[in-house]
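Participant:
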Amino acid sequence: MKNKILFFCISLTILSLTAFSFMKQKNQETDQLKIVANENSAIKTQAPEKVEKSTFTDFIYDVGPRFRAIKKRDVDNAISIATFFDEKQLQSIVSLKSVNIIIIKGEKRIDTRTTGHSNKLTAAQLKLIQSFDYSTNFLIRVEYQQINKETGELEDSYSTPHLTIIPEKQAVHIDGKNELKKFLKENSKKSRTTPATRPRKPWTS
Numbered sequence: 106m107k108n109k110i111l112f113f114c115i116s117l118t119i120l121s122l123t124a125f126s127f128m129k130q131k132n133q134e135t136d137q138l139k140i141v142a143n144e145n146s147a148i149k150t151q152a153p154e155k156v157e158k159s160t161f162t163d164f165i166y167d168v169g170p171r172f173r174a175i176k177k178r179d180v181d182n183a184i185s186i187a188t189f190f191d192e193k194q195l196q197s198i199v200s201l202k203s204v205n206i207i208i209i210k211g212e213k214r215i216d217t218r219t220t221g222h223s224n225k226l227t228a229a230q231l232k233l234i235q236s237f238d239y240s241t242n243f244l245i246r247v248e249y250q251q252i253n254k255e256t257g258e259l260e261d262s263y264s265t266p267h268l269t270i271i272p273e274k275q276a277v278h279i280d281g282k283n284e285l286k287k288f289l290k291e292n293s294k295k296s297r298t299t300p301a302t303r304p305r306k307p308w309t310s
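Note that the sequence shown covers residues 106 to 310 in our numbering.
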């Protein structure tokens, strides 16, 4: 009888351990499934790509050259940088290091590689600027040394006047500049008030 009771106790213990092990494994699998489910849920509930609609209801209009206007005649007759700089700028130059002419097309800058080292334009630079047509946009980059007003010492500096070539007499609207701006504003109303959609990147933490 004792042997039967002992055998029964041992069997019950083994069965309990097996059940505990099975339940523990089941709980681990359940936890893993919850983690995967949460990750999938996070992916599914990620903020969708939003589309912003922007409208331009008004602009501040002006009509004129893109940069500081300079007449073609003045460009054609230029022999030094004095044509492109005001007197105050010229007087601040103690020692001139280099002069470069750079053409601007849209947002791009084209280095013409016509470097000079004095206030007098080189033959290549003269040939270049004389080939410019109306509405040409360009800049003159001048590197030089000037005296620092606070320290009294020489320091490196540069200037880059941006210029647009205009004709001797520019076209004008028969009713004046304000009427021309009004005309442009009215005729661009449709394109300004139609919402322009652009995708917006989803927010991420």
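All C-beta atoms in this analysis are idealised placements derived from N, C-alpha and C, irrespective of residue type, glycine included.
#1: Check whether the Cβ atoms of Arg246 and Val199 sit closer than 9 Å, and answer yes or no.
#2: Quick check for students: name the residue ranges of the beta strand (DSSP E) that lie wholly in the segment 220-269, counting only runs of 3 or more.
#3: Contact check, Ser223 vs Leu201 under 8 Å by CB: the rounded distance?
#4: So for Ala174, helix, strand or coil by DSSP?
#5: Taking Cβ to Cβ, would you say Asn242 is nearer than 9 Å to Ile209?
#6: Is the Cβ of Ile206 closer than 9 Å to any Cβ of chain C?
#7: What did DSSP end up calling Asp191 once you bin it into helix, strand or coil?
#8: Assuming Ile252 and Val180 are in contact, meaning their beta carbons sit under 8 Å apart, how far apart are those beta carbons, in whole angstroms?
#9: Which residues in the same chain have their Cβ closer than 7 Å to the Cβ of Pro266, if we skip the five residues on either side of it in sequence?
#10: How is Ile186 classed by DSSP in three states: helix, strand or coil?
#11: Report, in whole angstroms, the separation of the C-beta atoms of Leu268 and Ile184, which I expect to be a contact under 8 Å.
#12: Could you check if Gln151 is buried or exposed, using at least 16 other CB atoms within 10 Å of its CB as the buried criterion?
#13: Helix, strand or coil for Val180? Go by DSSP, reduced to three states.
Facilitator: Reading off the structure:
#1: No, Cβ-Cβ distance for Arg246 and Val199 is not below 9 Å.
#2: Runs found: 242-252 and 259-264.
#3: The beta-carbon separation of Ser223 and Leu201, rounded to 6 Å, stays under the 8 Å limit for a contact.
#4: Taken through DSSP and simplified to helix, strand or coil, Ala174 comes out as strand.
#5: Taking the C-beta atoms as reference points, Ile209 is found nearer than 9 Å to Asn242.
#6: Protein chains in the displayed structure number just one, and chain C is not present.
#7: Asp191 falls in the coil class under three-state DSSP.
#8: Between Val180 and Ile252 the Cβ distance is about 30 Å, and since that is not below 8 Å, they are no contact.
#9: Non-local C-beta neighbours of Pro266 in its own chain, meaning closer than 7 Å and more than five positions away in sequence, comprise Arg173, Phe189, Phe190, Leu244 and Ile245, ordered along the chain.
#10: If DSSP states are grouped into helix, strand and coil, Ile186 belongs with the helices.
#11: With a beta-carbon spacing of about 16 Å, Leu268 and Ile184 fall beyond the 8 Å limit used to define contacts.
#12: Confidence in Gln151 is poor, its pLDDT being 48 and thus under 50, which makes the residue's placement too unreliable to answer from.
#13: DSSP places Val180 in helix when its eight states are reduced to three.
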